[in-house]
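Below is one structure, written out as structure tokens, with a few remarks after it.
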């Protein structure tokens, strides 16, 4: 194996990691603030990608504008879902999760009946390759890395610097205590759903630009997101970043070291082992 | 007292015999197929409820059916085992795998357990796609033989080349499964499961090995999923990695939830109604996912106990109305 | 009978319990008191196996039980009650007690599923014993009531009855009087007295100093996870550090 193949797969790993982290951050944010596993998260990701597809192809707007519009729309959808679906079920984990499964069916089939089942694609604005040390790096992959880690940094700043972010942190650590301190859980839950869904939409749109969009693309994202948050520790934001990096790099590098099916199973094995020895994940606490 | 027992025996007798008589009146391959699916769904939803009884929400049924289907298929096709032995081993392997992964899984409480079981189903599908030397990958395996004929020379010769006989077979499997599930639920183990569901730390404090029993419930539930998966592959004579995927698993969960997981009859009713209804109302067929999701949402938000909770709910509403009227009078 | 040596538990960076030594002889009733957040319930969780200590040992009847699981310890005779989730709300009162006879007598999986002769005999025995326990704690009149609908005081009593059904040698009671009215406190104190007379060893967490003083022969006082005093109720009442701890926490010794 030559060095450029290795570098290429590491970059692929990082770009996968970028996507996984964006998806997992949304899941973990909603989980830690609302105490709900939002299983329709993958559908938000998928609709975010379709949003960009329709806005760029039908309205003819450029990718970046479409990305912003689609992201805001998905954030808005998140708020609507929080109000209509998840708020009435607060505190009932099982029923909220089952309701989110109902949402999967609804959202996926709405898209299926509008857009059909065939994959669609749109042009990535990032074309061409960047040559560093003889290694060709495609800009579209690199853009995901930059977007992913840029948004992680932005989210960290948001949580550290803003009042809403601090309130989120407080709720995730001690719900009842936060409520006693006068933090408005309704408002923060809406903010969490907005952010979570917006991040998922961005991830979906970036993936759609490289590959294609289809009504069933959300399942893959949900699985990866779940794997990441189990590995990193349920409800932990740094955990989601670390977990995303690990799983992304496994997915990027393993295929050149072994066959693909073993690579897929290594991820699973890693999760089982983590659960055996650290049920709370890499950076979760008891 | 004797009269009550008589009525009890009669009603259950009729309920048991009736499904066996259906093929005498309604025939046709499509109807038979729907009947078989209904019966399968009843086994699946009821066995899912046993896992639920111990306080766990499992979405591993699809994965376990896939394991069962491939196990039975490979044992018959590659090793030439009897289809009956293969079917039993399919259930057992699913139970063993559930037991092995169960120990790390049950350390996760509540909904986190559900998450890892979704993950398990996805991994089984992935494995079936990738392990090409064994499973022939995404194409799946075709021309799986139907169950071996049951032959007692001179007396009995039942073949399963006809779908109707497959229906009878799955009906027998269902009856045996339901009796087993009922016996387990109404035994001391069932009581222990229900105690764990209500408070696992309290159960643990009086000496219940809650982790072990949760794994046991998971494993028993998955046994039935494995058997059902094995049966289906023998009936359809084919298996592919995504035959029982996430969506399939979700439907089983919907049958159980809509029927009502609080009572034994709940999942049976749920599976029956939700499998038959879309067929009876043809236009629904096209919108099946919407229909399922709609019914599910309705139950989640308005009928927390599912269909089985409906009579009680109506009774309280009727009682309230009656009282109001009396007060007015 | 029970020996706690150098028991320490850290949560993150914080020490909830640090370097605690306590020993309890057979038949003794020992109180564990201290202000809120002193680490009392953590000690219970450590002794009964619900938490693993960071450091230290727990020895019961001469055997190291530090890393054992709660259900195993229940089998050895260490049974606790809980402050919050202390009953099975969907079962009747009687069924709560029947359930708690999980270990004694033990009915095996096949016995129960096949409903054998021996399992029926054991079930009958359990039923008889359950009624006896309900009589002892005074819950017999409500045996058929769904536990979740009981009044608060009854729920607390039922919690103790569940623990008794598991046949403890060492009973750990976590604030048995919390939320009870004066009359219920009286009944419960009588009950605990009777258990003491039967020779049961009891470790009791109590917030209410007076109740603890009345019931216990010896009292251990915790503050910020450390033992600050140990002795007879009289000694403790006079102990300056204890008074300080309670006053510092804004509480009054009754």
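Residue numbers (the numbering used here), protein chains in the order written: chain A, 11 to 296; chain B, -14 to 314; chain C, 197 to 450.
All residues carry an ideal CB built from backbone N, CA and C; glycine is no exception.
Can you tell me which of 361/C, 348/C, 421/C puts its alpha carbon nearest to the alpha carbon of residue 172/C?
The question about residue 172/C has no answer here: the residues shown for chain C are numbered 197 through 450.
Within a Cβ cutoff of 6 Å, which residues of the same chain sit near residue 220/B, ignoring the five residues on either side of it in sequence?
Correct list, in chain order: 151.
Nearest chain A C-beta to residue 274/B closer than 8 Å, yes or no?
Taking Cβ atoms only, chain A reaches closer than 8 Å to residue 274/B, which makes this a yes.
Using a C-beta cutoff of 8 Å, does residue 98/A count as contacting chain B?
By this cut-off, residue 98/A is an interface position.
Quick one: which residues of the stretch 36 to 51 of chain B get their C-beta closer than 7 Å to a C-beta of chain A? List them in chain order.
Residues passing the 7 Å Cβ filter: 42.
Taking Cβ to Cβ, would you say residue 292/B is nearer than 8 Å to residue 245/B?
The answer is yes: Cβ separation under 8 Å.
Distance cutoff 8 Å, beta carbons only. Does residue 107/B sit that close to anything in chain F?
Annotation note: the requested chain F is absent from the structure, which comprises protein chains A, B and C.
Please report the Cβ distance between residue 39/B and residue 252/B, rounded to the nearest whole angstrom; I am assuming they are in contact, meaning their Cβ atoms lie under 8 Å.
So it is not a contact: roughly 15 Å between Cβ atoms.
Taking Cβ-Cβ distances shorter than 7 Å, what residues in chain B pair up with residue 233/A?
In chain order: 104, 107.
Please work out which residues of its chain come closer than 7 Å, Cβ to Cβ, to residue 229/A, disregarding the five sequence neighbours upstream and downstream, and give them in chain order.
Hits under 7 Å: 52.
Determine the DSSP secondary structure at residue 106/A, reduced to helix, strand or coil.
Residue 106/A: helix per DSSP, three-state reduction.
Identify whether residue 50/A lies in helix, strand or coil by the three-state DSSP scheme.
Residue 50/A: coil per DSSP, three-state reduction.
Per DSSP, residue 370/C is paired with what?
DSSP output for residue 370/C lists 401/C as bridge partner(s).
When DSSP labels each residue in this structure, what does residue 262/C get in the three-state scheme?
Three-state DSSP puts residue 262/C in coil, outside helix and strand.
From the DSSP output, in three-state form, read off residue 317/C for me.
Here residue 317/C sits in helix by DSSP.
Give, in chain order, every residue of the stretch 24 to 43 of chain A whose Cβ lies closer than 8 Å to some Cβ of chain B.
Of all residues in the stretch 24 to 43 of chain A, none has a Cβ within less than 8 Å of some Cβ in chain B.
Classify residue 94/B as helix, strand or coil using the three-state DSSP reduction.
Residue 94/B falls in the coil class under three-state DSSP.
For residue 278/B and chain A, any beta-carbon pair shorter than 8 Å?
So yes, residue 278/B belongs to the interface.
For residue 181/B, collect the residues of the same chain with a Cβ closer than 7 Å to its Cβ; drop the 5 residues on either side in sequence, then sort them by chain order.
So the list reads 39, 40, 188, 193, 195, 198, 199, once near-sequence residues are dropped.
Which residues in chain C have a C-beta closer than 7 Å to the C-beta of residue 192/B? List them in chain order.
Under the 7 Å cutoff, chain C gives 267, 270, 271, 298, 299, 362.
According to the Cβ coordinates, are residue 60/B and residue 71/B closer than 8 Å?
Yes; because the gap between Cβ atoms is below 8 Å, this pair is in contact.
Could you tell me which of 122/B, 0/B, 107/B sits nearest to residue 223/B, measuring between CA atoms?
It is 122/B whose Cα lies nearest to the Cα of residue 223/B.
Under 8 Å: do the stretch 292 to 306 of chain B and the stretch 212 to 231 of chain C share three or more Cβ pairs, one atom per stretch?
Segments in contact, no.
In terms of DSSP beta bridges, what is residue 419/C paired with?
DSSP lists 422/C as partners of residue 419/C.
I'd like the span of the beta strand (DSSP E) that includes residue 253/C, first residue to last.
Segment 251 to 256, the beta strand (DSSP E) holding residue 253/C.
In the DSSP assignment, what residue or residues form a beta bridge with residue 220/C?
Answer is 198/C.
Have a look at residue 10/B and residue 2/B and give me their C-alpha separation to the nearest angstrom.
Roughly 14 Å separates the two Cα atoms.
So with Cβ pairs under 8 Å, would you call residue 176/B a contact of chain C?
Yes, residue 176/B lies at the interface with chain C (some Cβ there is under 8 Å from its Cβ).
Can you name the start and end residues of the alpha helix (DSSP H) that residue 227/C belongs to?
Counting along the chain, residue 227/C falls outside any alpha helix (DSSP H), though it belongs to the beta strand (DSSP E) covering 225 to 229.
Just how far apart, CA to CA, sit residue 158/B and residue 132/A?
Between residue 158/B and residue 132/A, the C-alpha separation is close to 51 Å.
Going along the chain, which residues of the stretch 63 to 82 of chain B sit with their C-beta nearer than 8 Å to a C-beta in chain A?
Here the close residues number zero.
Starting from the C-beta of residue 249/C, find all residues in its chain whose C-beta is less than 7 Å away, skip the five residues before and the five after it, and write them out in chain order.
Closer than 7 Å at Cβ, skipping near neighbours: 203, 204, 205, 242, 262.
With 8 Å set as the bound, which would you pick, yes or no: does the beta-carbon of residue 253/A sit closer than that to a beta-carbon of chain B?
Output row for residue 253/A: interface = no.
Which runs of the alpha helix (DSSP H), 4 residues or longer, sit entirely within the stretch 211 to 289 of chain A?
The qualifying runs are 227 to 242, 247 to 267, 270 to 287.
Among -7/B, 206/B, 304/B, 102/B, which one has its Cα closest to the Cα of residue 178/B?
For the residues -7/B, 206/B, 304/B, 102/B, the minimum Cα distance to residue 178/B belongs to 206/B.
Measuring alpha carbon to alpha carbon, tell me which residue in 13/A, 96/A, 54/A is nearest residue 235/A.
Cα-wise, what sits closest to residue 235/A is 54/A.
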